[in-house]
Amino acid sequence: MRIDRQKVWEKCEGHCGYCGEAIAINDMQVDHIWPQNRAHQIPGLAIHDHKNLMPACRVCNNWKSTYTVELFRLQIIDQVKQLRQRSANYRMAKRYGLIEETGLKVVFYFENRQTAACEMLRETVRDVAKAQTQTELDWMRKRYGVEL
Ligand SMILES: [Zn+2]
364 MRIDRQKVWE KCEGHCGYCG EAIAINDMQV DHIWPQNRAH QIPGLAIHDH KNLMPACRVC
424 NNWKSTYTVE LFRLQIIDQV KQLRQRSANY RMAKRYGLIE ETGLKVVFYF ENRQTAACEM
484 LRETVRDVAK AQTQTELDWM RKRYGVEL
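Going by the working numbering, the sequence shown runs without a break in its numbering and finishes at 511.
Here is the structure:
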């Protein structure tokens, strides 16, 4: 199935659907909301269907990789903990008030846009999230210490 890049790019009006960075169509990467390597977990899912495609910048697409949207969100949340544990530079800068942890929720760009295209993206994310297995959800809770 041929992917219509123009149509994907227009979904978020030329922005990355995750971080919201403005992206030129030539720099846009096409993310599969439900990852391609997990297509078998949703029988009958047309993995390249337009509904499963998210416009993404290179950075977000690389980070999201084979994660689902919720796992990607947890990866982002986890960055602060990783810095706190692993970076003396981070701890020093924080000690002197140069860095402040906000505890903000990670909200993706497509989750806040009030357009029909973004509503469709939210619908797809909700639909495919049901395929996340209980084992995986338990693992995520334990690993990240958060309720999903
Ligand atoms: Zn992005």
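In this text, a Cβ means the ideal position worked out from N, Cα and C, and glycines have one as well.
Exercise. How should arginine 476 be labelled, buried or exposed, when 16 other C-beta atoms within 10 angstroms of its C-beta is the threshold for buried?
Worked result: Counted from its first residue, the sequence shown places residue 476 at position 113. Buried, because 16 or more other Cβ atoms sit within 10 Å of the Cβ of arginine 476.
For this session: Compute the distance between the beta-carbons of tyrosine 381 and alanine 419, then report whether it is under 7 angstroms.
Result: Reading the sequence shown from its first residue, position 18 is the one you call residue 381. Reading the sequence shown from its first residue, position 56 is the one you call residue 419. Going by C-beta atoms, tyrosine 381 is nearer than 7 angstroms to alanine 419.
Exercise. Does the distance from the CB of valine 470 to the CB of tryptophan 397 come in under 7 angstroms?
Worked result: Taking the sequence shown and counting its residues from 1, one reaches residue 470 at position 107. Taking the sequence shown and counting its residues from 1, one reaches residue 397 at position 34. The answer is no: Cβ separation not under 7 angstroms.
Exercise. So which of Tyr453, Tyr507 and Gln399 has the shortest CA-CA distance to tyrosine 430?
Worked result: For the purposes of this step, residue 430 is taken as the residue at position 67 of the sequence shown. Out of Tyr453, Tyr507 and Gln399, Gln399 has the C-alpha closest to the C-alpha of tyrosine 430.
Exercise. Would you call the segment 432-441 and the segment 384-392 in contact, with 3 or more CB pairs under 8 angstroms?
Worked result: no
Problem set entry | Cβ-heavy atom distance, tyrosine 381 to ligand 1, below 6 angstroms | Your numbering for residue 381 matches position 18 in the sequence shown. Answer for tyrosine 381: yes, Cβ within range of ligand 1.
Exercise. Helix or strand or just coil, what does DSSP make of alanine 419?
Worked result: Here residue 419 corresponds to residue number 56 of the sequence shown, with the count starting at 1. When secondary structure is reduced to three states using DSSP, alanine 419 falls in the strand class.
Exercise. Leaving out five residues before and five after alanine 494 in sequence, what residues of the same chain have Cβ atoms less than 6 angstroms from its Cβ?
Worked result: Within the sequence shown, residue 494 is the residue found at index 131, counting from 1. Around alanine 494: Gln404 and Ile405.
Exercise. Start and end of the alpha helix (DSSP H) containing glutamine 369?
Worked result: Here residue 369 is taken as the residue at index 6 of the sequence shown, counted from 1. Segment 368-373, the alpha helix (DSSP H) holding glutamine 369.
Exercise. In whole angstroms, what is the alpha-carbon distance linking alanine 385 and alanine 479?
Worked result: Locating residue 385 in the sequence shown gives position 22, where the first residue counts as 1. Locating residue 479 in the sequence shown gives position 116, where the first residue counts as 1. Their Cα atoms are separated by approximately 19 angstroms.
Exercise. Smallest Cα separation from valine 432: which of Gln445, Leu484, Gly466 and Glu373?
Worked result: Stepping through the sequence shown from its first residue, residue 432 is reached at position 69. When only C-alpha atoms are compared, the closest one is Leu484.
For this session: Would you please state the rounded distance, in angstroms, between the beta carbons of histidine 395 and asparagine 415? I believe it to be under 8 angstroms.
Result: Counting from 1 along the sequence shown, the entry for residue 395 is found at position 32. Counting from 1 along the sequence shown, the entry for residue 415 is found at position 52. The pair is a contact, with the Cβ atoms about 6 angstroms apart (cut-off 8 angstroms).
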